[in-house]
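As structure tokens, then:
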């Protein structure tokens, strides 16, 4: 009889957003007149920009015409998009990436979830705490984490990040094989400095660790003391795989396009001790289990790199960044302690007066009808924090801050 | 140090299409004037129908407007498409499927590649020989097959299908946990009868086997003696997962939309012997590692179910089926033995005079400039066969047959 993958049964229920949804629904039912403002989920609200929709209309027409119709495309993405990525995202940073190192996909979530397939089950992974849950869950499903006791997986190395270490995790003291870092960070909205990332790359090189670098929020960086790509750090091509997405950069959360960069130099060991380049393994994985991103969507993504696309998506990013500034400065003006919000669309609020994350969540919902995300939902070290997002409308962002200012903590 | 997934190293090189491409390139270089007709790859050539492109244009406009913009959609697909699938593909067959059993995805290849994740490593899989390679390769990568000796994986149960058993495989005599069946079949173009599929469902039920049923080519069925969906067979809801795609039904090979049906009754066993429904496991898998199909694409797929969409895609299918008839009858008229081509876009030609698959491939390329696919590339039992596809233009299909008729075998 077929046997299930028991590792799936070790997954912790994804209670966070379900619990939030339930609380909001209950509150709405009890207060049908309530004007609720949602600053909880990290989803964009501005429409696709004209450069993108024009390119997609054109591509739809091409697909409807026998002379220009396209069937199966390359699993790795069309060269026009891979080249646009190389030229648009890396060349300006002085980074040489070849197009066969760029793999276009339907989402950074998909890529960070699937990348662990390239590694044997006994690799030890390190993740920050708090963390974007997919890094962990995809490894739980693959049997790499063992079981959870009180929410902590026995074989996972957790790297606490909180105000006390300036949201810059220490190196693991135990043996690890794979490290996941996200900068600008979801959920804390903070960035790792260029100097610290250089130390991380050196540490990974010294210890033969593969670094999974999630830079899905790089478009929000204003700071010059951090990097937009891990490959700005010397030696990173030997240790790092980078994940990027059009989701937050160009409002593609419902349009689905992203990419992973797997440099030819990144290796892992075979049992017999040889070094195996990960690029051909990822290529094989994608060719076997994926058939590429829709042509229409790839043309839309390509348009992000045109002068108009750059300008228009840049305006959207600036809009969200201004929201972030409004939230950050508004909260600070009433004496609250906040992190993030400068190089990221997330604001990480320290709960006042030793409130728990959920206590502050409840207070914001019940007293000022604002939906947030409790930091504890991202890991134990998120306790005592709350995440607010800058993806709302300007009007709602301003109203939300006005409401919070009426509160007495 | 990070260790690679050694199972990837057990994969057999995907030499088939690479070798075909090399041979065609070499021939072209040596004969630059050659007018080559490609009937090798199973990719559609007719453009998307107007009903689909109109729906996609409308969706692009919605995505460009703040009032109608959509961010993250449900990982399982929008209800509008899931409902259209239930109402359009299953209700007319008298099959009750609930929308939470339908999971929209970016491709049947993706789904059949990923589904094995739900099972433990020690499940035994059975595949037909010849076979669509993704069923096998995805299990090789997961470590479920052992190593290959002369192309045969030690832990896989192969079910030979050839003219001698009327392309209807015998039941496995060894213990198996998971069986993959594809009907209408790629590559043989044949179908399993309704009666035989009923026996398969009964066999799977009796032996607690999960049946992976790939019906990506159901739109090509004319025969009333087979089924369009495995759920036409009583009891199939307890054992079968069905994979379907818009790729061949609506020309979506470059547009990417498909779906899997995972009925609530399909179960596998946990180590402690309990039955675990696979539907919530697949839901968890998709929610963790996938973020849904682009809204624009889902609206395009939905339009396939409108009266205009039905009519227009039906005409495209009829066009390809007429090509298949032309190929089949053309080859038969010169005394060749062919299978398939009635309920599928594939024609499975028996090589004349004990030629090998590659010998006939070379002969067709060199003497009449036609690209085909050698049957042996799909498995040892494909030796002595050749696959031709009906997805070319009418003109090329007619010219190809005229050319083949000039050959003396």
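Residue numbers (this note's numbering), protein chains in the order written: chain A, 1 to 409; chain B, 410 to 818.
Where a beta carbon is used, it is the ideal one built from N, C-alpha and C, also for glycine.
- For residue 415(B), the chain A residues whose C-beta falls within less than 8 Å of its own C-beta are 120, 270 and 271, listed in chain order.
- Put simply, the CB of residue 276(A) is near chain B, with a gap under 8 Å to one of its CB atoms.
- In terms of beta-carbon proximity, residue 66(A) lines the interface with chain B, with at least one pair separated by less than 8 Å.
- In terms of beta-carbon proximity, residue 576(B) stays away from the interface with chain A, with every pair separated by 8 Å or more.
- Note on geometry: alpha-carbon atoms of residue 358(A) and residue 160(A) lie some 20 Å from one another.
- In the DSSP assignment, residue 772(B) falls within the unbroken alpha helix (DSSP H) covering 766-777.
- Residue state for residue 412(B) is assigned as strand, using DSSP reduced to three classes.
- Per the Cβ contact rule, the region 63-74 of chain A is in contact with the region 661-675 of chain B (3 or more Cβ pairs under 8 Å).
- Residue 542(B) sits in a helix when the DSSP states are folded into three classes.
- Using a 10 angstroms sphere on the CB of residue 233(A), the tally of other CB atoms reaches 16 or more, which defines it as buried.
- Taking 8 Å as the cut-off, the Cβ atoms of residue 283(A) and residue 264(A) do not count as close.
- Residue 794(B) is bridged by DSSP to 759(B).
- Taking one beta carbon from each stretch, the region 194-210 of chain A and the region 164-177 of chain A have 3 or more pairs nearer than 8 Å; the two touch.
- Runs of beta strand (DSSP E) with 3 or more residues, each lying fully within the region 653-678 of chain B, are found at 667-670 and 676-678, listed in chain order.
- Bridge pairing for residue 514(B): 667(B) [DSSP].
- Burial check for residue 561(B): the Cβ neighbour count within 10 Å stays below 16, so the residue is exposed.
- In this structure, residue 456(B) sits away from residue 143(A), with a CB-CB distance that is not shorter than 8 Å.
- Contacts with chain B at 8 Å (Cβ-Cβ) include residue 209(A).
- Look at residue 436(B) here: in three-state DSSP terms it is helix.
- Taking 8 Å as the cut-off, the beta carbon of residue 241(A) is found no closer than this to the beta carbon of residue 330(A).
- Not a single C-beta of chain A is nearer than 8 Å to the C-beta of residue 612(B).
- In this structure, DSSP gives residue 470(B) a helical state, which the three-state scheme calls helix.
- Between residue 197(A) and residue 230(A), the alpha-carbon positions lie close to 8 Å from each other.
- Interface with chain B (8 Å Cβ-Cβ cutoff): residue 295(A) is included.
- Of the residues 727(B), 548(B), 534(B) and 449(B), the one whose Cα lies closest to the Cα of residue 523(B) is 548(B).
- Shown here for residue 461(B): same chain residues with a beta carbon closer than 6 Å to its own, the five before and five after excluded, namely 709 and 712 in chain order.
- Contact check for residue 670(B) against residue 558(B) fails: the beta carbons are separated by 8 Å or more.
- The region 315-334 of chain A makes contact with the region 388-406 of chain A, as at least three CB pairs between them are under 8 Å.
- The alpha carbon of residue 789(B) has as its nearest neighbour, out of 429(B), 571(B) and 694(B), the alpha carbon of 571(B).
- When the alpha-carbon of residue 758(B) is set against those of 771(B), 775(B), 776(B) and 781(B), the nearest one is in 781(B).
- Scanning the region 290-321 of chain A from its first residue to its last, the whole alpha helix (DSSP H) runs of 4-plus residues come out as 295-303.
- Residue 621(B) has a beta carbon lying at 8 Å or more from every beta carbon in chain A.
- Of the residues 319(A), 238(A) and 167(A), the one whose Cα lies closest to the Cα of residue 220(A) is 319(A).
- A Cβ-Cβ distance of about 7 Å is found for the pair residue 449(B) and residue 798(B), placing them in contact under the 8 Å criterion.
- Of all residues in the region 174-202 of chain A, those with a C-beta nearer than 7 Å to a C-beta of chain B are 177 and 178, reading in chain order.
- Inclusion of residue 749(B) and residue 644(B) in the CB contact set at 8 Å is not warranted, their separation being larger than that value.
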